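Enquirer: What follows is a structure written as structure tokens; I'll ask about it next.
Protein chains: 2
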Amino acid sequence: FDTSPEAVKLYMRYNHWIPKVFLFFFILVDLSLAIFEKPAVFPVPTLYTALVELLCLLVFSLRLVHYAKVIPRDKFWKDPKNICIIVILVLTVVDLIVYESLEAANCYAVRWSRVLRPLLLVNVTEGRQLRRAFRSIRNALPQIFYVFLLFMFSLLIFSLMALKLLGKRGLKTIDGAPYFTNYLEIVFDLYVLVTTANSPDVMMPAYNASFVFAIFFILYILINTYIFMSVFLAVVYNNYKKYLKEEVRQLVRAKRHKMVRAFAVLQEQRAEGGEPVVTQTNWNQIVKLVAFVQLADLLNIEVITLKSRPHPLQSAFDTIIVISALIATIINSVITSSQSYTSRQILDIVFILRVLRLIRVVDSIKRFRAIINTLIRIGPAILTFGQLIIVVYYIFAMVGMELFKGKIQFFEDGSVDPARAYCGNPLLKGTAFAQLNYCKNNFNNVVSSFVLLLELTVVNHSGFAAVTHASARLFFIVFHIMVVIVIINIFVAFVLEAFFVEYSVDKGDLQTSLEKKIEEL
Amino acid sequence: FDTSPEAVKLYMRYNHWIPKVFLFFFILVDLSLAIFEKPAVFPVPTLYTALVELLCLLVFSLRLVHYAKVIPRDKFWKDPKNICIIVILVLTVVDLIVYESLEAANCYAVRWSRVLRPLLLVNVTEGRQLRRAFRSIRNALPQIFYVFLLFMFSLLIFSLMALKLLGKRGLKTIDGAPYFTNYLEIVFDLYVLVTTANSPDVMMPAYNASFVFAIFFILYILINTYIFMSVFLAVVYNNYKKYLKEEVRQLVRAKRHKMVRAFAVLQEQRAEGGEPVVTQTNWNQIVKLVAFVQLADLLNIEVITLKSRPHPLQSAFDTIIVISALIATIINSVITSSQSYTSRQILDIVFILRVLRLIRVVDSIKRFRAIINTLIRIGPAILTFGQLIIVVYYIFAMVGMELFKGKIQFFEDGSVDPARAYCGNPLLKGTAFAQLNYCKNNFNNVVSSFVLLLELTVVNHSGFAAVTHASARLFFIVFHIMVVIVIINIFVAFVLEAFFVEYSVDKGDLQTSLEKKIEEL
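Listed below in structure tokens is the structure:
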């Protein structure tokens, strides 16, 4: 490292909070461009969005150049994250130019580089947590893959048995379509059964024919839904623990290393041949220079401050609630005095805020506090998962919008358009999708795409194969594998681990249990 | 213990495999009486079933008397399982007499003691594994209860918010019913949302009104479906591990104790004041008397035999498949020669059996073998869980049949009855339940009850509230709590633990890892 005053100044400037916030703001702007680009929530000429995007790219480039000046050249070029950013920037510019020129020539064009946008969030220097999460996923992938192969094998065998068992009986689904006659259809149906989305529906025709067939489905659900899904969780959890172990080990090693270096800086040789010591004056000087907590931060030591009751959440929580209730009451009285009628809505909000104070009561019961504390401790990690989810959702939303935009239309409540009954797509006439009024579950803009993807995370229903092509199902299967099998399981593993630590901490001392955890790992 | 030859003989007779099999056979007969009792799959006069049940009760009583003679009197009366059996037997006899006399007088009567039948399976001496499983559940209950209270608190608060937020907007569900206006309905709907059964449906009216409301549901799903359900798993898993630890500790202690006692029997004092020793002759004598493995069994030592490849599963599996394929081929050729046409069905079975041999190929790949081995090792435990599930299902099926029998009717495929469109119950006219042709999901007999309960385990749909009373939903909620939150989570915890042991074994030696496991616990 260069330790000249200028370099340090540059470094300090790089690490200042203002440029960081600035950077995140522009990433946010870049990501939210999807709201204004076609298919848009609020349509805006493409030229404007392109200009804003160029501005964002400029900011990212400047930040990258700054970073390149801060750290040594060879280190900069060896770091994959910098190369990633450069590639993303170049590809985006190329895509922008191609798209704008095609647009000008009235040709069909796809803004494919939008898929790359969320990757900026990952590869920026500050996205350390997010990169760690992605690395943890990457490490788990091989083992997940082997289990997945076995799962696919079991799925294919069960589908074959279903075809042989049920295919030639001339059964019909409720739509009147032939039941279980096409192998690929069966594979898809049974895959969806694993997500429990079509749970009784898929077996009803067979079960109506004879209850013996129910045994086949029971066996399938036991093996694939319960056992294999648990195995996925086990594999992800195991890898997560292994990875955590590695992280803790590295942290401990780094801490030790830094301590030794800090000592080397502070030490002085008292006597010839004697042991080197840190003098009191030196120590006081450094303590004066930096506050103790900052020092700990410098040395990467976690300082565990014992919580004094009432704990910070409570007071912060109380303050927020009381202040918001106050504001709501003030607004209410202003409205009342000006329009001489009481706004029911705002009174309701005040009421709900008061109800939320009940959480304090619950928190004061010891049994509950342990659980709530753990939930709060999970908080920051949930934010990392949130970013992770947003990155993945954004990519899927971009792809989904290109594939499915405009296929399904939503008609407002008052609409009398006859197309409203089938979501504006004749192919959906009489399907359960249209009957259940799912029309707003579409990929027509980025907001509805996100909501739809969230629904797909909970339950994987897919009416989109009907409006495009059977291969569109691949999109939903890939989404399920990526989000439900991998990311949600990591989330569950995380919650599990947090609770196990909590339970083991409950019994003993925090410090010793942490140490034991580290040793054990 | 009485060690007179007579008592030992009696004990040997009690522990002989024939009476054990006999007992299980009669328990099976007793349980399967539900097939013939009203509401029956195969109706039979109540007198016959009553006689068969009396016979079963007689057998159970005899077995109990035998057991009472084998073990000391005070021990017998202190054991809750014996008292349980006596209470069950007495109650069943009382119920039988009351029911038969009411039946004779043409009064309405309920065979409420049928609920107690599966408890026999638990309380019989041989149901040790099952009792252990129940004990483990009982131990986990207090902690589950605290989390459940918090979960209910969150559910109630969210419901209140939903009522305030959405109740006065005049929204309608697809059935045209008012949306989110009744607090209890909201609580139920949001509870079902946790099971993901009504996932997009419940939010569609609000989402159609404005996408802002989707945020409410997203928050709800994040907190209640993902976090709270993971916390339930964590609590159950943690208790399971704690319990396992206790079990292993007791086993180790018992083993040590028995070893000491065995040594005391075998030892002889060689020299005055010298250490007691076991002479070779004594040792050979005992080894001659009992085979080594039996000896190990006697001392409750687990003998770990190193598996020699090809492992037992493979050969047994191969044999079964080859023999069944052979039998199928023979039957096929017999049919062909007698009727001069090839039975497609049987050829298909032969084909599927051949496909199943593919499992061997998969098993021969090392990566997969580790996973498959673990799955096989889980096998016996799955049987215990199977019994557990049957006990719980049986109880719910009995209660469900009394509550809901005949409410929903299933019409065979050729039926032209107009009632077929609404499952024979006018209340179901136009509901999704009837539209999706779920009519066979009913409590009209014990077989369909079991299949329905299995479906409810996977996805908790409940059309039954419509045909009886809103309070019927309680039945489904209780079922969900008991089966999905408690039992399925124990099953998942079990699979997880099995895989963690497998992964840690993979790396080191089996023996040491087991020892480490015990020490660690």
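Residue numbers (the numbering used here), protein chains in the order written: chain F, 1109 to 1629; chain L, 1109 to 1629. Backbone N, C-alpha and C fix where the C-beta goes; we use that ideal spot for every residue, glycine too. Note that the structure is a prediction, hence the values are computed from the model and not measured.
Near F/ASP1230, what residues of its chain come up, given a Cβ to Cβ distance below 7 angstroms and the 5 sequence neighbours on each side ignored?
Expert: Here residue 1230 of chain F refers to the residue found at position 122 when the first sequence is read from its first residue. The amino acid at residue 1230 of chain F is misidentified as Asp; the sequence shows Val. Cβ neighbours of F/VAL1230 beyond the five flanking positions: LEU1238, ARG1239, PHE1242, VAL1499.
Enquirer: Give me the residue from L/LEU1279, L/LEU1257, L/LEU1159, L/GLU1293 with the minimum Cα distance to L/SER1267.
Expert: What you label residue 1267 of chain L is simply residue 159 of the second sequence in a count that begins at 1. Nearest of L/LEU1279, L/LEU1257, L/LEU1159, L/GLU1293 to L/SER1267, Cα basis: L/GLU1293.
Enquirer: Does the structure place the segment 1169-1182 of chain L close enough to the segment 1580-1590 of chain L that three or more beta carbon pairs sit under 8 angstroms?
Expert: no
Enquirer: Would you say F/PHE1512 faces chain L, with C-beta separation under 8 angstroms as the test?
Expert: As a working note, residue 1512 of chain F is residue 404 in the first sequence. No, its Cβ sits nowhere closer than 8 angstroms to a Cβ of chain L.
Enquirer: I want to see whether chain F comes within less than 8 angstroms of L/ILE1479, judged by CB atoms only; does it?
Expert: As a working note, residue 1479 of chain L is residue 371 in the second sequence. Taking Cβ atoms only, chain F reaches closer than 8 angstroms to L/ILE1479, which makes this a yes.
Enquirer: Scan the segment 1142-1184 of chain L and note each continuous alpha helix (DSSP H) run of 4 residues or more that stays entirely inside, going in chain order.
Expert: The segment 1142-1184 of chain L contains these whole alpha helix (DSSP H) runs: 1154-1178.
Enquirer: In the structure shown, what three-state DSSP assignment does L/LYS1280 receive?
Expert: Residue mapping note: residue 1280 of chain L aligns to position 172 of the second sequence, counting from 1. Strand.
Enquirer: With a cut-off of 8 angstroms, does the C-beta of L/ILE1196 fall near any C-beta of chain F?
Expert: In the second sequence, the residue the question calls residue 1196 of chain L occupies position 88. It does not; no Cβ of chain F falls within 8 angstroms.
Enquirer: Note down, in chain order, each residue of its chain lying with its Cβ closer than 7 angstroms to the Cβ of F/ILE1128, except the 5 sequence neighbours on either side.
Expert: Locating residue 1128 of chain F in the first sequence gives position 20, where the first residue counts as 1. Here residue 1128 of chain F turns out to be Lys, not Ile, going by the sequence shown. For F/LYS1128, where only same-chain residues beyond five positions count, the Cβ hits under 7 angstroms are GLU1234.
Enquirer: Going along the chain, which residues of its own chain have a beta-carbon closer than 7 angstroms to the beta-carbon of F/SER1557, five neighbours each way excluded?
Expert: Position 449 of the first sequence holds residue 1557 of chain F. Cβ within range, chain order: ALA1505, GLY1508, MET1509, PHE1551.
Enquirer: Cβ closer than 8 angstroms: which chain F residues qualify as neighbours of L/THR1304?
Expert: Taking the first residue of the second sequence as position 1, residue 1304 of chain L is located at position 196. Under the 8 angstroms cutoff, chain F gives THR1304, VAL1566, VAL1567.
Enquirer: So that I know if they touch, is there some Cβ in chain L lying closer than 8 angstroms to that of F/ASN1231?
Expert: Stepping through the first sequence from its first residue, residue 1231 of chain F is reached at position 123. No, F/ASN1231 lies away from the interface with chain L (no Cβ there is under 8 angstroms from its Cβ).
Enquirer: Can you list, in chain order, the residues of its chain whose CB lies under 7 angstroms from that of L/ILE1196, leaving out five sequence neighbours each side?
Expert: By one-based count along the second sequence, residue 1196 of chain L stands at place 88. So the list reads LEU1224, LEU1227, LEU1228, once near-sequence residues are dropped.
Enquirer: Report yes or no: do the segment 1256-1267 of chain L and the segment 1460-1476 of chain F share at least 3 C-beta pairs separated by less than 8 angstroms?
Expert: With a cut-off of 8 angstroms on Cβ pairs, the segment 1256-1267 of chain L is in contact with the segment 1460-1476 of chain F, counting three or more such pairs.
Enquirer: Do you know whose CA, among F/ALA1578, F/ILE1593, F/PHE1133, F/MET1312, lies nearest F/THR1565's CA?
Expert: For the purposes of this step, residue 1565 of chain F is identified with residue 457 of the first sequence, where counting begins at 1. Among F/ALA1578, F/ILE1593, F/PHE1133, F/MET1312, the Cα nearest to that of F/THR1565 belongs to F/ILE1593.
Enquirer: If you draw a straight line from the alpha carbon of L/THR1492 to that of F/LEU1483, how long is it in whole angstroms?
Expert: Numbered from 1 along the second sequence, position 384 holds the residue referred to as residue 1492 of chain L. Numbered from 1 along the first sequence, position 375 holds the residue referred to as residue 1483 of chain F. For L/THR1492 and F/LEU1483, the distance between alpha carbons rounds to 34 angstroms.
Enquirer: In the segment 1529-1571 of chain L, which residue ranges form an unbroken alpha helix (DSSP H) of at least 4 residues, counting only runs that do not cross its ends?
Expert: 1540-1543, 1554-1566
Enquirer: Is the segment 1112-1131 of chain L in contact with the segment 1517-1525 of chain L, if contact means three or more CB pairs nearer than 8 angstroms?
Expert: no
Enquirer: How would you call L/TYR1156, buried or exposed, if buried means at least 16 neighbouring beta carbons within 10 angstroms?
Expert: Walking along the second sequence from the start, residue 1156 of chain L turns up at place 48. Exposed, because fewer than 16 other Cβ atoms sit within 10 Å of the Cβ of L/TYR1156.
Enquirer: What does L/PRO1286 pair with, by DSSP beta-bridge criteria?
Expert: Counting from 1 along the second sequence, the entry for residue 1286 of chain L is found at position 178. According to DSSP, L/PRO1286 bridges with L/LYS1280.
Enquirer: Three Cβ pairs or more, each shorter than 8 angstroms: is that satisfied between the segment 1305-1313 of chain F and the segment 1242-1256 of chain F?
Expert: no
Enquirer: Apart from the five residues on each side of it in sequence, which residues of its chain come closer than 8 angstroms, Cβ to Cβ, to L/ASP1297?
Expert: As a working note, residue 1297 of chain L is residue 189 in the second sequence. Closer than 8 angstroms at the Cβ level, and outside the excluded window around L/ASP1297, lie PHE1288, ASN1306, VAL1310.
Enquirer: Chain L beta carbons: is any one of them nearer than 8 angstroms to that of F/MET1633?
Expert: There is no way to answer for residue 1633 of chain F, as the model of chain F reaches only from 1109 to 1629.
Enquirer: With a CB to CB cut of under 6 angstroms and the five nearest residues on each side skipped, what residues in its chain are close to L/GLN1495?
Expert: Looking up residue 1495 of chain L in the second sequence gives position 387. Here the set comprises LEU1238.
Enquirer: Could one say the Cβ of F/MET1590 lies closer than 8 angstroms to chain L's Cβ atoms, at least one of them?
Expert: Counted from its first residue, the first sequence places residue 1590 of chain F at position 482. Output row for F/MET1590: interface = no.
Enquirer: Just to confirm my understanding: we take F/ALA1322, look at its own chain, exclude 5 residues before and 5 after, and list those with CB closer than 7 angstroms. What are they?
Expert: Working through the first sequence from its first residue, we reach residue 1322 of chain F at position 214. Correct list, in chain order: MET1311, TYR1315.
Enquirer: Could you have a look at L/GLY1275 and say whether DSSP puts it in helix, strand or coil?
Expert: Along the second sequence, one-based indexing puts residue 1275 of chain L at 167. Three-state result, L/GLY1275: helix.
Enquirer: My assumption, with CB atoms under 8 angstroms, is that L/VAL1302 sits in contact with L/MET1337. Please give the rounded CB distance.
Expert: To locate residue 1302 of chain L, count along the second sequence from 1; it is residue 194. To locate residue 1337 of chain L, count along the second sequence from 1; it is residue 229. Right, their Cβ atoms sit about 7 angstroms apart.
Enquirer: Any idea what DSSP makes of L/GLN1517, helix, strand or coil?
Expert: Within the second sequence, the letter at position 409 stands for residue 1517 of chain L. In this structure, L/GLN1517 counts as coil in the three-state DSSP scheme.
Enquirer: Measure from the C-beta of F/ASN1054 to each C-beta in chain L and report whether the shortest distance is under 8 angstroms.
Expert: Outside the shown range of chain F (1109 to 1629) lies residue 1054 of chain F, about which nothing can therefore be said.
Enquirer: In three-state terms, what does DSSP make of L/GLY1062?
Expert: The requested residue 1062 of chain L is not part of the displayed model; chain L covers only 1109 to 1629.
Enquirer: If you drop the 5 nearest sequence neighbours on each side, which residues of the same chain put their C-beta closer than 7 angstroms to that of L/ILE1457?
Expert: Residue numbering aside, residue 1457 of chain L sits at position 349 when the second sequence is read from its first letter. If the five residues before and after L/ILE1457 are omitted, its C-beta is found closer than 7 angstroms to the C-beta atoms of ALA1436, all from its own chain and listed in chain order.
Enquirer: Can you check the segment 1580-1604 of chain L for any beta strand (DSSP E) of at least 3 residues that lies completely inside it and give the ranges in chain order?
Expert: none
Enquirer: Indicate the three-state DSSP secondary structure (helix, strand or coil) for F/ASN1440 in the structure shown.
Expert: In the first sequence, the residue the question calls residue 1440 of chain F occupies position 332. In this structure, F/ASN1440 counts as helix in the three-state DSSP scheme.
Enquirer: Should F/MET1312 be flagged as near chain L, meaning a C-beta pair shorter than 8 angstroms?
Expert: For the purposes of this step, residue 1312 of chain F is identified with residue 204 of the first sequence, where counting begins at 1. Yes - at least one Cβ of chain L is within 8 angstroms of the one on F/MET1312.
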